[in-house]
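Protein chains in written order, with UniProt numbering: chain A, 1 to 436; chain B, 1 to 436; chain C, 1 to 436; chain D, 1 to 436. See below for the structure under consideration.
There are 4 protein chains.
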Amino acid sequence: MVPRYSRPAMTAIWEPEARYRIWFEIEAHATDKLGELGVVPASAAKALWDWWKTDPKIDVAAIDAIEAVTKHDVIAFLDWVAQQVGPEARFMHQGMTSSDVLDTTLAVQLARSADILLEDLDALLAALKRRAMEHKYTPSIGRSHGIHAEPVTFGLKMAEAYAEFSRARARLVNARAEIATCAISGAVGTFANIDPAVEEHVAERLGLAVEPVSTQVIPRDRHAMFFATLAVIASSMERLAVEIRHLQRTEVLEAEEYFSPGQKGSSAMPHKRNPILTENLTGQARVIRSYAMPAMENVALWHERDISHSSVERFIGPDACITLDFALARLAGVIDKLLVYPERMKKNLDRMGGLVHSQRVLLALTQAGLTRDDAYRLVQRNAMKVWESDGALSLLDLLKADPEVSAALSDSELEEKFDLDYHFKAVDKIFERVFG
Amino acid sequence: MVPRYSRPAMTAIWEPEARYRIWFEIEAHATDKLGELGVVPASAAKALWDWWKTDPKIDVAAIDAIEAVTKHDVIAFLDWVAQQVGPEARFMHQGMTSSDVLDTTLAVQLARSADILLEDLDALLAALKRRAMEHKYTPSIGRSHGIHAEPVTFGLKMAEAYAEFSRARARLVNARAEIATCAISGAVGTFANIDPAVEEHVAERLGLAVEPVSTQVIPRDRHAMFFATLAVIASSMERLAVEIRHLQRTEVLEAEEYFSPGQKGSSAMPHKRNPILTENLTGQARVIRSYAMPAMENVALWHERDISHSSVERFIGPDACITLDFALARLAGVIDKLLVYPERMKKNLDRMGGLVHSQRVLLALTQAGLTRDDAYRLVQRNAMKVWESDGALSLLDLLKADPEVSAALSDSELEEKFDLDYHFKAVDKIFERVFG
Amino acid sequence: MVPRYSRPAMTAIWEPEARYRIWFEIEAHATDKLGELGVVPASAAKALWDWWKTDPKIDVAAIDAIEAVTKHDVIAFLDWVAQQVGPEARFMHQGMTSSDVLDTTLAVQLARSADILLEDLDALLAALKRRAMEHKYTPSIGRSHGIHAEPVTFGLKMAEAYAEFSRARARLVNARAEIATCAISGAVGTFANIDPAVEEHVAERLGLAVEPVSTQVIPRDRHAMFFATLAVIASSMERLAVEIRHLQRTEVLEAEEYFSPGQKGSSAMPHKRNPILTENLTGQARVIRSYAMPAMENVALWHERDISHSSVERFIGPDACITLDFALARLAGVIDKLLVYPERMKKNLDRMGGLVHSQRVLLALTQAGLTRDDAYRLVQRNAMKVWESDGALSLLDLLKADPEVSAALSDSELEEKFDLDYHFKAVDKIFERVFG
Amino acid sequence: MVPRYSRPAMTAIWEPEARYRIWFEIEAHATDKLGELGVVPASAAKALWDWWKTDPKIDVAAIDAIEAVTKHDVIAFLDWVAQQVGPEARFMHQGMTSSDVLDTTLAVQLARSADILLEDLDALLAALKRRAMEHKYTPSIGRSHGIHAEPVTFGLKMAEAYAEFSRARARLVNARAEIATCAISGAVGTFANIDPAVEEHVAERLGLAVEPVSTQVIPRDRHAMFFATLAVIASSMERLAVEIRHLQRTEVLEAEEYFSPGQKGSSAMPHKRNPILTENLTGQARVIRSYAMPAMENVALWHERDISHSSVERFIGPDACITLDFALARLAGVIDKLLVYPERMKKNLDRMGGLVHSQRVLLALTQAGLTRDDAYRLVQRNAMKVWESDGALSLLDLLKADPEVSAALSDSELEEKFDLDYHFKAVDKIFERVFG
């Protein structure tokens, strides 16, 4: 976790104290049920909750000190709680294994993180929708291979991103369901020393599903799917960031990240206004994406479990969630405040001497009876001249002057092919599909 | 694609001829609708379908030869079809762009591949279920960290795999839906020269959903999610393969891959029977997993598209699908024919002198009034002696002889803690959860 | 391996026949030495080489048929050779294990592949050097963050790539040395049944180093380093490809991939000239890069070996080498034939109204006694006006008209700061560093 | 960075304060040279160094506060230093660009980190050598595919690891050289406003090489190679960790991680002694390995640079170095204190009823005149009986009783083939190769 790429609410989920709080709740809920089942005295859970109601401070350092001796984190925590609560605490953790606590805690942390990420996506979607509506009919050149193709609108770009992040949202909902399970099934998942009713009770109290069959741990394919989903979302984020970086290029300059008063673009070059936020997001996307690999390598634990997944998760659990939260929020801000330059879009659209309309002429020639191949050659030979003039020549003028073309299409027919609005007649339908 | 890791039905989907057949169908269906809309003569589609009904051979070499000149695959194909069909073919592809064909074709190929993979998963699930039922109560030692922990059954191991591959199946259903979309939206996705009704018609005929908003291409977050899902499934496959490799280790030997008559395990060592199928699967899992990375890097195409995704997909499209198909089928075969050795499982279970029952004694001591810490030390000091004797000593005997233990628990109380069936009382409930 | 991304010389190395030829040579060289040591009759090797001199065709299908029964490739091959050579062949492979042959063969294949890749790099370096010299002083705008910064020359861009691929070359030399080792050490690397002299002899004949200590296999950290190196080279290739893609963007158009007569850029838009070669290379770079992951996962084989690495290498061995060979050759061709447009570079350089000279003014103001902060603000306030005019205003004019600036710097002092050649005075020194 | 997986010396390199200290040194050394060249007053450097001699505390919070306004870290730092040093500080950074400082600083940090990692490798190599010598002739079963193969010694296992980490060391020396370069070349690498002599001076003072040609930044192929090398080293680390995990498995138990008094293996099962350190290392290897991917994606920066690499490096720079340092030190400790059980090794070696000697019999039969195929079948039919008896039968006895075998080999000839020392005759030669 890099502090500058973190936000407080998400970071709090991953603090040691938050983790211990969830541990306690799991143990206390379990003890409740164990008491109800008559396995432990009902007084045990009461003692735990009574102490909890005093809103005790979790003394992380003290727990760490115990762990330094026991080399076992859950035992250290149980010892510390026992010191606080007294002899009744010995009934805690009855029949459970450390991983019952650890894995269910991770499930809670990841589910809470997913909830924040869903809010982040909602904020991003809202910003995208607003800008899409604002620029629904702002003409802009569409590009393939970085080369001018045919007209689009800036609103369509935003609508595409909206559709993509809607898919991201749906995937994240699935991914959340993947990891929001509770396992309290004992040392090897057989419930040898604990009633499955305990698992069901704790799951219900924590808002988790019951893990149908666990080993010592919750199976890691669930987590792999979760982090793979985050990786795909990060990749979508990268796409939008790269789009903005392209739009801000000096020669393009159709949009710019908001540049605040007092901001300095470069220590050496006072004129610079750089798309540093989206560049920054591009790098973060690379990092979040890379976490999918160790998450997937974590799946093949040995037999009923080995603990190799744990060190991986200490990195990627907080880092993926915290960084993606930061990044999505940053991206929403970028979109929200993006400086959009319709005049410049128009200027770029016009700079190719009408080449963007070449396909319509091609189609018209075909419909006028030429073979596709002949039509293609006719348009291409004029288009190439415009291309080589860097937009100084006009495709329409050249076509009019080409006898083979004018034999097939009249001047007014040709002129009609150079109408910009022609390209936008389906925008409304597309918006309906995307925004409903 | 490695021929030895491929099966015919899946490979056929990815042959050039299959690809061209889908291209033709897309073009012909589109021409149907274009005729209906009056954009092209109705005779155009008829000419295409009439030719198609002759069941023409697709001349891949001829198309390649044209592409060598045009350097454009779709144009080469259209030219070749025009040569076969005659002048009516010039109405084909009206208002469409190459990617309309290419991307929709890829969607069809991936969807068909997913259908085969779903069948593969079903076969694997069936094998797992059968073996789970067969060994529902076959006792086996559960291991954490590679160290004996507490008893499980071999059926539980199979049930765990069943649950994991059920999740894999559900994920693949989602992933199939992600990529099964049709885009026929023109050069930059605006439907400038083609009615959205064409897209809707082709989608319906090919069993695809309509892509709500495309650029020149179908957005690559869909494909990234598809390949990421395959990567997670491959990781689950690796887990099961590694489990079998562990079980077949000489010192463990609780199960073995089927060893056919005439098979030679080693050119140098005639006694060898190696788990080569599951080792082979382990490697394949690594490869399939790695394809997720370039698939995710493909998402951030420039503006309305660049073509960098294409070379990636020429590798990972066929390779991921063909290899996973082969691997899942191989894994189903391994499970189906797995040699399972219950006697050896029993032998391993007993080899630790009863240490696997240590937790029950710990719990009993706690319930008899000792603190958790005292109970732990009492059990541990006896367990360590058994451990160091390599199972020659019996934990039960040592506990009976330990005055501090016997002060708390009678011999018969102790003996009751060493009952194997105690561990299997929840097996039925778990099976119900997993198999319904 | 994707046929369209392959070249014959490299592909030949990875054909089954080439593989079997190396197998034979290893076996025959080993038999030579075994004969010399008196372990087998000298006639054994003679029989092998006599047959070999008949230039026999390797019957891949026949060997495959035997493997279908034995399920062991080396045994199948030995059986087939024995059928050809007769009873003397039974002395072949004496004391060796399959991996002695397989791993040494892979070493030969990778070393030969590396030799071709080194030639590819040399061709690329030659092209880069030629274009660097040609455009040593062709002015071009340098960009950071995609935003105009200060002048560079196009030759410098080529020199940077030259330096980068020189490093790539040095890394590949190291990587070749990593994998060019020979192991003929028997079933677990102890030379139990074979004299180390055999290994030394075969190594010497094949131009390999002796593996100091092997298990059953050559350790896979060597291969991991090899494929990781290819991955880094692919990443450098991506960098140069992306540079060209940027330069070819419609709004930039400072360079273009060569566009051959008859080539069609788009089925729909006749005016398109797309950087498809470098986009294609970008995708190939992603794929080659991804192979580093399974190569690294291959390192941790179990004990003296498991065979999970093998299926991985059947993919990435040929695919990484063949694709990188193709890609480097393609890149060399792109550079060699790149259309470079100096006039357009000049036009782009001038389009910002002199903003690219802002730093020099900043420094001059500082040296004239202003604090850095004051100087920065003075320059920035004028630069921002030019920026917002989209280059219509001139920075020099504005600075001359700014009283605070003119208080510090005279008009002629200001003018001197706008000299382009000022930026190129170190080009010669840099070229000396790079090209020697 | 995960605090529990970090050590102070390495962590200190990556603290903000250490970073600012290097920044200052670069600026001050550069000012020295600028003064010497007459570009700035000689008093400027003196003022900087005079302040530095007061051993000032770097006020990270104050610098952060300035950055919150300027949104530019280097400018914030320069402003803060100027506040401390006074007006002479305005000559600092003359003609330089932020990246000159940032990239050269990263080079210093990575080089210092590499120095610590080299020490870590030396400590690991020393431990491996000591254990190799100690167990040079400790017999142990060699395994391929997890199946018993032929005898090795435990010392050989250590020698293999020694050889592998010697290669790791050599690679790290190369990787250090890759990144230990200094670039002070201005905004786009042209030295427009700074003499190359400054770069040379600073490089020499910091023990770095001069970057032959930079853009705004040091090219990222260098860093990619550095992190890829760390990833390969991590993979070797994983291999050794996995070996120990295997050896500690209950059924194998040939070695164990040191288990300290007071340590608790499991909260639930007091008898557990788990290989948690090497499991932990396995997970860390996965994480360090994954950092190679974003490092390689960082190579293709746009034109003369974009800043997307920066956020990646804020994660992987410290995380890869700190975690690998911790992990290598942990691994050295594991090897150093590893509990090795020669008796258990012997027991395992003997458990297969002599099957491990099967190859020698096969060879003897071949040399006695049988065809390889006949010999193989003879040995295999007896070996299979031993195999199925789980080692209860003796291969030697069965062979003696097999008339076809005894027709070819006498009892004493057979007995000679079952000699353990036969396998160790090359150990000394191998040790010479490895340890010199």
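Note that CB positions come from ideal geometry on N, CA and C, so glycine has one too. Values in this document were obtained by computation on a predicted structure and should not be read as measured data.
Does the beta-carbon distance from residue i to residue j come in below 9 Å?
i: residue 228(A); j: residue 323(B); result: no
i: residue 128(A); j: residue 158(A); result: yes
i: residue 110(D); j: residue 179(D); result: yes
i: residue 216(D); j: residue 188(D); result: yes
i: residue 145(C); j: residue 352(C); result: no
i: residue 131(A); j: residue 2(A); result: no
i: residue 85(D); j: residue 61(D); result: no
i: residue 293(B); j: residue 289(A); result: yes
i: residue 374(A); j: residue 79(B); result: no
i: residue 383(A); j: residue 296(B); result: no
i: residue 298(B); j: residue 360(A); result: no
i: residue 242(D); j: residue 183(C); result: no
Quickly, what does DSSP pair residue i with across the bridge? List them, please.
i: residue 140(B); result: 152(B)
i: residue 255(C); result: 340(C)
Taking Cβ-Cβ distances shorter than 7 Å, what residues in chain F pair up with residue i?
i: residue 284(A); result: Protein chains in the displayed structure are A, B, C and D, and chain F is not among them.
Would you identify the three-state DSSP class for residue i, choosing helix, strand or coil?
i: residue 339(D); result: strand
i: residue 181(D); result: strand
i: residue 502(C); result: Nothing about residue 502(C) can be reported from this structure: the residues present for chain C run from 1 to 436 only.
i: residue 210(C); result: strand
i: residue 147(A); result: strand
i: residue 218(C); result: coil
i: residue 191(C); result: coil
i: residue 359(B); result: helix
i: residue 37(A); result: coil
i: residue 94(A); result: coil
For the segment 55-73 of chain D and the segment 419-433 of chain C, state whether three or more C-beta atom pairs, one from each stretch, are separated by less than 8 Å. Flag = no, the segment 55-73 of chain D and the segment 419-433 of chain C do not touch.
Given a limit of 9 Å on CB to CB distance, which residues of the segment 1-22 of chain A reach chain D? 1, 2, 4, 5
Evaluate the contact criterion for the segment 1-18 of chain C versus the segment 305-319 of chain C: three or more CB pairs, one atom per stretch, below 8 Å. Yes, they touch.
Chain-ordered residues of the segment 68-84 of chain C with a beta carbon less than 8 Å from chain A: none
How do the segment 353-364 of chain C and the segment 378-395 of chain C stand: do at least 3 beta-carbon pairs fall below 8 Å, yes or no? yes
Proximal residues, the segment 233-264 of chain D versus chain C, C-beta separation under 7 Å: 235, 236, 238, 239, 242, 243, 246
Would you say the segment 202-222 of chain C touches the segment 269-285 of chain D, given that touching needs at least three Cβ pairs under 8 Å? no
Contact set between the segment 183-211 of chain D and chain B, restricted to residues whose Cβ is under 9 Å from the partner: none
Could you say if the segment 151-168 of chain A and the segment 182-199 of chain B meet the contact criterion of at least three C-beta pairs nearer than 8 Å? Counting C-beta pairs closer than 8 Å gives three or more between the segment 151-168 of chain A and the segment 182-199 of chain B, which meets the contact rule.
Would the segment 137-144 of chain B count as touching the segment 340-349 of chain B if we require 3 or more Cβ pairs under 8 Å? yes
What are the residues in the segment 274-303 of chain A lying within 9 Å of chain C by C-beta distance? For the segment 274-303 of chain A, the residues whose beta carbon sits under 9 Å from a beta carbon of chain C are, in order, 274, 275, 276, 279, 293, 297.
Of the residues that make up the segment 135-147 of chain D, which ones have a beta carbon closer than 8 Å to any beta carbon in chain C? 142, 143, 144, 145, 146
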